[in-house]
Amino acid sequence: QKEVEQDPGPLSVPEGAIVSLNCTYSNSAFQYFMWYRQYSRKGPELLMYTYSSGNKEDGRFTAQVDKSSKYISLFIRDSQPSDSATYLCAMSWSGGYQKVTFGTGTKLQVIP
Amino acid sequence: ETGVTQSPTHLIKTRGQQVTLRCSSQSGHNTVSWYQQALGQGPQFIFQYYREEENGRGNFPPRFSGLQFPNYSSELNVNALELDDSALYLCASSLASTGANYGYTFGSGTRLTVV
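Chains A and B supply the protein sequences, listed in that same order.
Going by our numbering, 12 is the number at position 12 of the first sequence; the sequence numbering is gapless.
Heads up: take any position in the second sequence, counting from 1, add 112, and you land on our numbering.
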């Protein structure tokens, strides 16, 4: 079993839709949770990070963490064609060196 | 100069050869990590360097090695290349004080193809 599971998609939605992206994890030591966006032929770009459980909002993006269920989500409101990319969830813990464990990524396509 | 820059952008090597990939960290960042991203997969942690020493390593064999220089630039060396080493290699920089837990700055990567 992988430490972090993420549905690879692809996920196709019409412009303006609300998008929900999710990851589950098995390592209860994870305390930091991140979402990265990766466009084709580019490196990942940090969208949001959260610590422990709770919600965090930034513009059209909302990240949720439920540590009791080992489940994290990213919601994108009013999705735009420019949001078409692969979304990677990522997690880490506070001890030792800072290794970040990534999901496989979900490919999102927003259709105009 | 801002951002993380990697060179070269693309590389084709023959099985058994050696390769060196280079990275210039974001200004002010003193920690560099290298990741391997196979097609359709998430990035996998190779190792991290801080103060010119390796201070963490993922599940990669010793033929993967690295260097960090006083100006925080870095190299990833891979010896005895295998076909499975074909991947996008990503360099990520961060501050030791805040760490990767608050997010990396990634470069655009080097696409390595081993034939």
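Where a beta carbon is used, it is the ideal one built from N, C-alpha and C, also for glycine.
- Beyond the five residues adjoining it in sequence on each side, Arg60/A comes within less than 7 Å, by CB distance, of Ile76, Arg77 and Asp78 in the same chain, given in chain order.
- Relative to Ile72/A, the option among Lys107/A, Phe30/A and Gly43/A whose CA is nearest is Phe30/A.
- Note that the stretch 2–20 of chain A touches the stretch 93–111 of chain A; at least 3 beta-carbon pairs, one per stretch, sit closer than 8 Å.
- Annotation for Glu57/A: the continuous beta strand (DSSP E) segment containing it runs Gly54 to Asp58.
- Cβ-Cβ distances below 7 Å link Leu74/A to Leu21, Trp35, Phe61, Ala63 and Tyr87 in the same chain, with the five nearest sequence neighbours on each side left out; the list follows chain order.
- Classified as buried, Ala212/B has 16 or more neighbouring CB atoms from the shown chains inside 10 Å of its CB.
- In terms of Cα proximity to Lys125/B, the closest of Glu166/B, Gln160/B and Asn189/B is Asn189/B.
- Here Gly178/B is bridged, per DSSP, to Leu188/B.
- C-alpha of Leu179/B to C-alpha of Gly16/A: approximately 46 Å in a straight line.
- Thr50/A is bridged by DSSP to Phe33/A.
- Residue contact check for Leu46/A against chain B: a CB pair falls below 9 Å.
- Taking the Cα positions, Gly215/B is about 26 Å away from Thr132/B.
- Neighbours of Leu88/A across chain B, judged by C-beta separation under 8 Å: Gly154 and Pro155.
- DSSP places Gly221/B in no beta strand (DSSP E); its state is neither H nor E.
- Sequence-distant partners of Ser177/B (beyond 5 residues in either direction) whose C-beta falls short of 6 Å from its own C-beta, in its chain, are Asn189.
- Contact of Gln6/A with chain B is assigned, a C-beta pair being separated by under 9 Å.
- Taken through DSSP and simplified to helix, strand or coil, Tyr214/B comes out as helix.
- Under DSSP, no beta-bridge partner is assigned to Ser139/B.
- Within chain A, not a single residue places a beta-carbon under 9 Å from that of Asn189/B; the smallest gap is close to 20 Å.
- Pairing Tyr39/A with Ala85/A gives a Cβ-Cβ distance under 9 Å.
- For the 9 Å CB-CB criterion, Gly170/B and Phe157/B form a contact.
- The Cβ atoms of Leu46/A and Thr217/B sit closer than 9 Å to each other.
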